[in-house]
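Residue numbers (our numbering): 7 to 525. Report on the structure given below.
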């Protein structure tokens with residue numbers, strides 16, 4: 007990033023490393039996807055989990071049911087140097103990206119009406135025993151929730167509304183839920199598909215492939231790793247676990263059976279710190295490996311307005327989705343910063359849930375809207391973004407943060423404009439880098455005859471997203487009339503370092519003026 011007087015804002019960033027030898031678990035849950043159990047939905051979730059294990063070599067196990075999944079990293083992982091926010095955001099972002107990409111494979115006749123998002127958390131497990139207890143706990147929850155839901159949704163389908171179905175089950179709580187299923191619907195719970203009763207376990211195992219045959223016809227095998235999905239009755243049992251050679255090698259061995267676990271014991275490991283109250287929160291997202299992504303999808307260099315406008319469109323969608331909390335956003339290249347008001351209580355200010363929900367929603371929107379901006383280009387693989395949340399104590403420091411990002415935009419755009427001009431003139435990328443090393447960019451721009459000020463302002467100043475007040479209406483109440491202002495989200499390419507913009511829009515960073523309705 008470019009050097010500037012505003013770089014001091016980086017001192018507010020805190021490291022959140024999960025210390026070794028803790029096991030790292032990533033737990034994610036879908037937002038707004040609760041519905042009757044659907045085997046296609048479960049298989050879609052399983053397919054996304056398989057994609058995560060294929061993409062990230064350090065993830066060796068996943069367990070999921072309903073709308074949740076937990077991913078277990080090998081004990082010795084150094085994945086992104088074990089930073090909790092980075093690990094969580096990447097997994098939740100990639101999962102949501104794959105979810106959208108694979109939707110049509112499982113629901114060919116159903117539109118995905120809104121971008122899905124997944125909120126999550128990091129769970130460090132201090133020992134192999136704690137990991138075993140966690141897996142037992144989640145599979146027990148799978149069983150209990152499935153029993154309830156099987157009864158509940160069948161009652162709804164039979165004609166009860168949801169309130170009546172809940173009341174019926176609560177009144178009959180002295181009866182075993184299995185008995186209710188049998189007495190009311192003539193269904194033996196144990197005959198239901200194991201994917202419902204036991205959940206899905208995705209893991210890496212070793213298989214032997216026949217690669218050739220000897221002269222006497224004997225097969226010659228080569229060992230390779232393969233990802234499989236199973237629905238085991240007891241994934242925390244010693245027999246199942248210790249039969250999996252990769253799990254035993256990368257995570258350890260279960261020494262004895264356990265039959266009961268207290269949820270409070272597992273929750274004590276959760277890495278789920280709350281952000282400091284009465285501070286502005288900035289959630290910054292960055293594209294993962296977007297140099298490769300942009301080359302593979304043939305983005306125009308140094309700037310592709312289609313890609314930038316797609317990012318802006320996703321930012322607007324995030325703005326509208328979290329309309330009660332986000333007051334401003336600024337984006338450049340493959341990054342976006344979202345400013346949440348000081349009084350926000352989004353996810354009770356839990357950093358992990360806030361980060362994962364925003365980055366996954368942004369990512370799924372990116373995939374859904376890709377064709378709107380690249381109609382002639384296929385999305386060749388699922389993109390992902392990482393994210394972090396940082397607290398800033400005052401509006402002045404938030405402005406300095408935004409100034410830092412816009413200065414960075416300006417200097418990086420100058421460099422990239424010169425770099426690609428040199429490449430276009432016939433120099434190799436390495437020669438272009440050498441030519442620009444230590445050079446004064448303004449002087450280089452003049453040498454290359456680049457009319458920098460005529461470049462599109464979006465390239466030079468980035469994109470600012472905010473609510474613009476457009477109308478004021480009178481509301482008649484018993485105690486008199488009051489007014490409310492209605493607004494819409496707009497994208498502008500403006501100077502946010504100087505004071506003019508902020509004087510014109512004092513409400514953006516002033517909590518006292520956040521009284522108008524955003525719609």
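In this text, a Cβ means the ideal position worked out from N, Cα and C, and glycines have one as well.
Answer with buried or exposed for residue i, where buried requires no fewer than 16 other C-beta atoms within 10 angstroms of its C-beta.
{"i": "residue 432", "result": "exposed"}
{"i": "residue 223", "result": "exposed"}
{"i": "residue 199", "result": "exposed"}
{"i": "residue 194", "result": "exposed"}
{"i": "residue 297", "result": "exposed"}
{"i": "residue 409", "result": "buried"}
{"i": "residue 227", "result": "exposed"}
{"i": "residue 122", "result": "buried"}
{"i": "residue 197", "result": "exposed"}
{"i": "residue 423", "result": "buried"}
{"i": "residue 351", "result": "exposed"}
{"i": "residue 496", "result": "exposed"}
{"i": "residue 20", "result": "exposed"}
{"i": "residue 266", "result": "exposed"}
{"i": "residue 509", "result": "exposed"}
{"i": "residue 440", "result": "exposed"}
{"i": "residue 511", "result": "buried"}
{"i": "residue 229", "result": "exposed"}
{"i": "residue 14", "result": "exposed"}
{"i": "residue 16", "result": "exposed"}
{"i": "residue 167", "result": "exposed"}
{"i": "residue 330", "result": "exposed"}
{"i": "residue 295", "result": "exposed"}
{"i": "residue 170", "result": "exposed"}
{"i": "residue 303", "result": "buried"}
{"i": "residue 126", "result": "buried"}
{"i": "residue 140", "result": "buried"}
Using a Cβ-Cβ cutoff of less than 6 Å, which residues in the same chain neighbour residue i once the five nearest sequence positions on both sides are dropped?
{"i": "residue 137", "result": "29 and 131"}
{"i": "residue 99", "result": "365, 366, 369, 390 and 391"}
{"i": "residue 376", "result": "385"}
{"i": "residue 83", "result": "64"}
{"i": "residue 307", "result": "426"}
{"i": "residue 26", "result": "none"}
Under the assumption that residue i contacts residue j (Cβ atoms under 8 Å), give the Cβ distance between them as a whole number of angstroms.
{"i": "residue 35", "j": "residue 73", "result": "6 Å"}
{"i": "residue 369", "j": "residue 323", "result": "Contact doesn't hold; Cβ gap of about 11 Å is too wide."}
{"i": "residue 234", "j": "residue 45", "result": "Incorrect: roughly 18 Å between the Cβ atoms, too far for contact."}
{"i": "residue 90", "j": "residue 134", "result": "Actually they are not in contact, since the Cβ atoms of residue 90 and residue 134 sit about 20 Å apart, beyond 8 Å."}
{"i": "residue 357", "j": "residue 279", "result": "6 Å"}
{"i": "residue 325", "j": "residue 514", "result": "About 12 Å separates the two Cβ atoms, so there is no contact after all."}
{"i": "residue 474", "j": "residue 494", "result": "6 Å"}
{"i": "residue 469", "j": "residue 337", "result": "5 Å"}
{"i": "residue 32", "j": "residue 76", "result": "7 Å"}
The beta strand (DSSP E) that contains residue i, what's its start and end?
{"i": "residue 233", "result": "225-236"}
{"i": "residue 68", "result": "65-71"}
{"i": "residue 424", "result": "Residue 424 -> not in any beta strand (DSSP E); alpha helix (DSSP H) instead, spanning 401-430."}
{"i": "residue 215", "result": "206-219"}
{"i": "residue 340", "result": "Premise fails: residue 340 is in no beta strand (DSSP E) and is neither H nor E."}
{"i": "residue 274", "result": "Unbroken run through residue 274: none, as it is neither H nor E."}
{"i": "residue 35", "result": "29-36"}
{"i": "residue 131", "result": "124-131"}
{"i": "residue 289", "result": "286-293"}
{"i": "residue 244", "result": "No beta strand (DSSP E) contains residue 244, which is instead part of the alpha helix (DSSP H) from 244-248."}
Can you find the residues in the same chain that come closer than 8 Å, C-beta to C-beta, to residue i, ignoring five residues on each side of it along the sequence?
{"i": "residue 86", "result": "92, 93, 96 and 392"}
{"i": "residue 451", "result": "420, 423, 424 and 458"}
{"i": "residue 103", "result": "369, 370, 372, 373, 388, 389 and 390"}
For residue i, which residues of its own chain have a beta-carbon under 7 Å away from its beta-carbon, when the five flanking residues on both sides are left out?
{"i": "residue 191", "result": "160"}
{"i": "residue 507", "result": "500 and 501"}
{"i": "residue 22", "result": "89, 90 and 91"}
{"i": "residue 379", "result": "312, 315 and 316"}
{"i": "residue 24", "result": "30, 88, 90, 128, 130 and 277"}
{"i": "residue 5", "result": "Absent from the model: residue 5. The displayed extent of the chain is 7 to 525, so no value can be given."}
{"i": "residue 49", "result": "112"}
Could you tell me the boundaries of the alpha helix (DSSP H) in which residue i lies?
{"i": "residue 17", "result": "Premise fails: residue 17 is in no alpha helix (DSSP H) and is neither H nor E."}
{"i": "residue 53", "result": "45-61"}
{"i": "residue 255", "result": "251-256"}
{"i": "residue 157", "result": "134-163"}
{"i": "residue 372", "result": "357-379"}
{"i": "residue 189", "result": "183-191"}
{"i": "residue 312", "result": "311-327"}
Task: contact_flag[the stretch 358-373, the stretch 387-403] where n(CB pairs < 8 Å) is 3 or more - done: With the rule of 3 Cβ pairs closer than 8 Å, the stretch 358-373 counts as touching the stretch 387-403.
- [ ] State whether the stretch 207-216 contacts the stretch 174-186, with contact taken as three or more CB pairs (one from each stretch) at a distance under 8 Å.
- [x] At 8 Å Cβ cutoff, the stretches do not touch.
Open item on the list: Does the contact criterion of 3 or more C-beta pairs under 8 Å hold for the stretch 149-158 versus the stretch 252-261?
Closed with: These segments do not touch.
Open item on the list: Within 8 Å, do at least three Cβ pairs link the stretch 281-295 to the stretch 339-347?
Closed with: With a cut-off of 8 Å, the stretch 281-295 and the stretch 339-347 count as touching, because enough Cβ pairs lie within range.
Task: the stretch 411-426 in contact with the stretch 437-456 per 3-pair CB rule at 8 Å - done: Put simply, the stretch 411-426 touches the stretch 437-456. At least three CB pairs are less than 8 Å apart.
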